[in-house]
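Just below is one structure, and these are the notes that go with it.
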Amino acid sequence: MKHSILVGCFLFYPLLLIGQDSPNFMHIAPTYNGKTIAPFVSVEGFLGQIWMAQSSGVYVYNGYNFILTPTHKVFPGTKRSDGIKKMMLDHNKNIWFLSYQGMVSRRNTAGRFEEIIPPLKTRISTIHTTANGIWLSTNKGTIYRYGESKIDSVTTIDGVDANLTEIQSIALSSSNELYVSTNNGKVFVYALNTGEIGEVRGPFTDYPGSLVITFDKKGHLWIGTENFGLYVYAPESRQFIEDSIFSSNRYNITNELFLVLYCDSQGVIWGGTDGGGLYKVNPDDGQIQLFTHHANNRFSLSSNTIMDINEDSHNNMWILTNYGNINILPNLDSNVAYHEGSASNTPSRVLSVHKDLNGELWIGTDGSGLTRVITSSDGTSTETQYFDHDGLNKGFYVQSIAEDDRSNIWFGTYKNGLWHYDLQKDKFKHIPILNSKQQVATDVRTIFRDSKQRLWVGSNISLNVYSSDRKMLASFENNTHGLKGPILESMIEDEKGNLWLGYFKGGLFEFNEDPGVLQNSSFTRHTYCDEKAEYNKTYGIKSMAADGHGTLWLIDSQSKLSKFRTADKTYDLSELLDNTVAQSILVENKYNIWISTNNGLVHLNDEDSVIKTYYKTDGFQDDFFLPRSAFKDQKGLLYFGGVKGLNYFDPKKIHKKESSARLHINDIEILNRPASSLIPDQISSGVYNADDLKLKFDQSSFSFRFSAIDNILSSNYFYAYR
Numbered sequence: 004m005k006h007s008i009l010v011g012c013f014l015f016y017p018l019l020l021i022g023q024d025s026p027n028f029m030h031i032a033p034t035y036n037g038k039t040i041a042p043f044v045s046v047e048g049f050l051g052q053i054w055m056a057q058s059s060g061v062y063v064y065n066g067y068n069f070i071l072t073p074t075h076k077v078f079p080g081t082k083r084s085d086g087i088k089k090m091m092l093d094h095n096k097n098i099w100f101l102s103y104q105g106m107v108s109r110r111n112t113a114g115r116f117e118e119i120i121p122p123l124k125t126r127i128s129t130i131h132t133t134a135n136g137i138w139l140s141t142n143k144g145t146i147y148r149y150g151e152s153k154i155d156s157v158t159t160i161d162g163v164d165a166n167l168t169e170i171q172s173i174a175l176s177s178s179n180e181l182y183v184s185t186n187n188g189k190v191f192v193y194a195l196n197t198g199e200i201g202e203v204r205g206p207f208t209d210y211p212g213s214l215v216i217t218f219d220k221k222g223h224l225w226i227g228t229e230n231f232g233l234y235v236y237a238p239e240s241r242q243f244i245e246d247s248i249f250s251s252n253r254y255n256i257t258n259e260l261f262l263v264l265y266c267d268s269q270g271v272i273w274g275g276t277d278g279g280g281l282y283k284v285n286p287d288d289g290q291i292q293l294f295t296h297h298a299n300n301r302f303s304l305s306s307n308t309i310m311d312i313n314e315d316s317h318n319n320m321w322i323l324t325n326y327g328n329i330n331i332l333p334n335l336d337s338n339v340a341y342h343e344g345s346a347s348n349t350p351s352r353v354l355s356v357h358k359d360l361n362g363e364l365w366i367g368t369d370g371s372g373l374t375r376v377i378t379s380s381d382g383t384s385t386e387t388q389y390f391d392h393d394g395l396n397k398g399f400y401v402q403s404i405a406e407d408d409r410s411n412i413w414f415g416t417y418k419n420g421l422w423h424y425d426l427q428k429d430k431f432k433h434i435p436i437l438n439s440k441q442q443v444a445t446d447v448r449t450i451f452r453d454s455k456q457r458l459w460v461g462s463n464i465s466l467n468v469y470s471s472d473r474k475m476l477a478s479f480e481n482n483t484h485g486l487k488g489p490i491l492e493s494m495i496e497d498e499k500g501n502l503w504l505g506y507f508k509g510g511l512f513e514f515n516e517d518p519g520v521l522q523n524s525s526f527t528r529h530t531y532c533d534e535k536a537e538y539n540k541t542y543g544i545k546s547m548a549a550d551g552h553g554t555l556w557l558i559d560s561q562s563k564l565s566k567f568r569t570a571d572k573t574y575d576l577s578e579l580l581d582n583t584v585a586q587s588i589l590v591e592n593k594y595n596i597w598i599s600t601n602n603g604l605v606h607l608n609d610e611d612s613v614i615k616t617y618y619k620t621d622g623f624q625d626d627f628f629l630p631r632s633a634f635k636d637q638k639g640l641l642y643f644g645g646v647k648g649l650n651y652f653d654p655k656k657i658h659k660k661e662s663s664a665r666l667h668i669n670d671i672e673i674l675n676r677p678a679s680s681l682i683p684d685q686i687s688s689g690v691y692n693a694d695d696l697k698l699k700f701d702q703s704s705f706s707f708r709f710s711a712i713d714n715i716l717s718s719n720y721f722y723a724y725r
């Protein structure tokens, strides 16, 4: 009765989900001089930094901090009351700026800001960049093209009035037609070859409200409206084709208020709305994803109002939302799968993972219970969360999961002992563990099934052995039968059927089985490192793996990596991971070892000692993984749990993105003053382009800031000088 009441006090949540991964957004809270800034647009400069603009100026993000260029320097000669209205990048990596008062400036790759003067003294209201030029429109409907250092008048759109109508966006088709949208429900088309002007008419026509437009890579025009959602127009057939593109699950895409549209390098359309979140639409198959803010998920969008969408050269998506929040979707390796660890789309700390023979995924969390994921053949998944927190009752801490030969699941918890799930009866049952003093085990840290189908359960009072029908076959109390240490943390079986155990504060043990009476068996302790070393005061093994060729790979309590040879009981202490904290280890094959750490996932090729480290920018949930949270399934897929869920992948299919970081000077000071105020002629092209400096005898005190830039989301470089 006691156990059935305990199960009843915890909730379980069954959910039916579409079979797709839920990506985690990275967030940057932009600040300058201790104050929060609120950029509304971003582009990537030619050096790889991210430029972000707000009305008062432009901020350059180099992966570490923000550097300000005020508005009056962006627009030479401008009035200080003016501000930045728009910022765009052209085909040659020049950055273009538009002010609220209609001024246009360009920052070239040499680092200079140049003011572009239109031929007529009219206010420029919008700009748009394409591969063959810069398009500028005035508040009276005149459109200019800037190219080859000159400005040409293209056409004037009748009906655009400075007081009532304003051009919102411009898009150029592959057939040399210029499309222009306005803030009062109009979309005009101007044929550059013939000079003809027409109009794209739809349900939005003449309805008050702004329209935003962009072309996809198939030549279709996407129109985001303020009152009627998203439309797709095919210029060749002059038909709206969104009904033939969008999949059945459209969310609220036909009713959203769209503020921005963006076509990325893969041809995917991103739509940012006012309060409705971020839409991602694949024009090839019509699949629609909607990203929104979730209060209980700190890795979701920080807000549902999207101000700007941009893609950097590493294909990371930068999403700017209102109130100054920066959300980044890293370019993930499609071969790395992800699960939040919970059934509620909330990223959880994953302590244990198991994929059973039926293909069901079991995930043990840190205080949120046990999550079960059943994936069907059509790609949908049913997810159920057991033993989650309920009011004052904290959820289970599930530390270890194993499957017996009857496909039943055993799992060990911190504080709540050992549990068994009967697949046929669909019921959970608590299995009490008692020692000779009738003390109850609460901390069950390790469960392991050996080749004889026995379940080994390591707790804070004993090491128990069970049959599949839950019958206890033997019980070895801690610190007896040759064992030493307060609790079992890891256990494996080598290719010869020998069992090896890692005890916290005890070390490495080999099981000596009595062929007659299992209870009479003993354990032999083996030295696997220098036990006199200072770091071995907390001697123990938290994770281990066998390579199938006579070698055990061990991670000790101090996160050191050792290689133990079972034949002659000799060992080598590896120095390859001395700068990281190793957490868990899995063996792909004899020469390829995978180690999770507190700073990335490490792939070690033991044949040539080559190390590659994978980070969250390579598609993983985070750089911080959790101890002992690892599993290898029957198909060879590797699973690693961390602070934001878990990742799993086929190690043969993932590839490390090569880094080509370049070192750049960010700032130079002489006598604690900006170099631009003392030697402006030497850095007229910007400090980025300074090759050398010539200083006077009284300018001997100087300093400079520098950074290496490749993928700006990975700024954890080591620097050295000579």
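The sequence shown begins at 4 in our numbering and counts up by one. Glycine residues also receive a C-beta, built at the ideal position from the N, C-alpha and C atoms.
- Non-local C-beta neighbours of Asp636 in its own chain, meaning closer than 6 Å and more than five positions away in sequence, comprise Lys358, ordered along the chain.
- Counting the other Cβ atoms within 10 Å of the Cβ of Pro211 gives fewer than 16, which makes it exposed.
- In the displayed model, Lys432 falls within a strand according to three-state DSSP.
- If one requires a minimum length of 3 residues, the beta strand (DSSP E) runs lying completely within the segment 67–107 are 69–73, 87–92 and 98–102, in chain order.
- Glu245 is bridged by DSSP to nothing; it lacks a bridge partner.
- Judged by beta-carbon spacing, Glu492 lies beyond the 7 Å limit of Arg528, meaning their Cβ atoms are not closer than that value.
- Bridge pairing for Gln57: Gly60 [DSSP].
- His342 sits buried, since 16 or more C-beta atoms from the chains shown fall within 10 Å of its C-beta.
- Ser108 is positioned such that its CB atom lies no closer than 7 Å to that of Asn313.
- Here the C-alpha atom of Ala444 lies approximately 10 Å from the C-alpha atom of Tyr417.
- The C-beta distance from Gln171 to Ser184 rounds to 5 Å, short enough to meet the 8 Å contact threshold.
- A direct Cα-Cα distance of roughly 11 Å separates Pro238 from Glu202.
- If you check the CB distance, Val339 and Leu649 do not come in under 7 Å.
- Straight-line spacing of the CA atoms in Asp407 and Val460 works out to 12 Å.
- Residues of the same chain with a CB within less than 6 Å of the CB of Gly150, apart from the 5 flanking positions on each side, are Gly136 in chain order.
- Here the C-alpha atom of Gln685 lies approximately 9 Å from the C-alpha atom of Ala678.
- Nearest neighbour of Ala346 by Cα position, chosen from Ser240, Met547, Glu169 and Ser384, turns out to be Ser384.
- Within the same chain, Tyr651, Phe652 and Asp653 come within 7 Å of Leu640 by CB-CB distance, once the 5 residues on both sides are set aside.
- Rounded to the nearest angstrom, the gap between the Cα atoms of Ile331 and Glu591 is 32 Å.
- Thr295 carries a coil assignment under DSSP once its states are collapsed to helix, strand and coil.
- Of Asn601, Phe526 and Ser565, the smallest CA-CA separation from Tyr542 is found for Ser565.
- Where Glu496 is concerned, the enclosing beta strand (DSSP E) starts and stops at Ile490 to Glu496.
- The continuous stretches of beta strand (DSSP E) do not include Thr208, and DSSP gives it neither H nor E.
- At a cut-off of 4 residues, not a single continuous stretch assigned as alpha helix (DSSP H) sits fully inside the segment 456–489.
- For Thr129, the closest of Val157, Met90, Gly114 and Arg110 by C-alpha to C-alpha distance is Met90.
- Annotation: the continuous beta strand (DSSP E) that includes Thr145 extends over Thr145 to Gly150.
- Under the three-state reduction of DSSP, Ile682 is assigned to coil, being neither helix nor strand.
- Nearest in C-alpha terms to Ala585, of all of Lys572, Lys440 and Ser599, is Ser599.
- In the displayed model, Asp621 falls within a helix according to three-state DSSP.
- By the Cβ rule, the segment 605–615 does not count as touching the segment 429–436, because fewer than three pairs are nearer than 8 Å.
- Leu564 carries a strand assignment under DSSP once its states are collapsed to helix, strand and coil.
- By the neighbour-count criterion, in which a residue is buried when 16 or more other Cβ atoms sit within 10 angstroms of its Cβ, Arg301 is exposed.
- The C-beta distance from Lys221 to Cys266 rounds to 10 Å, too long to fall under 8 Å, and the pair is not in contact.
- Only residues of its own chain outside the window of five on either side were considered, and among them Asn97 have a CB closer than 6 Å to the CB of Asn111, listed in chain order.
- Each residue's CA atom was taken as its position, placing Thr530 and Glu496 some 18 Å apart.
- One thing to note: Thr620 has its Cβ no nearer than 7 Å to the Cβ of Asn602.
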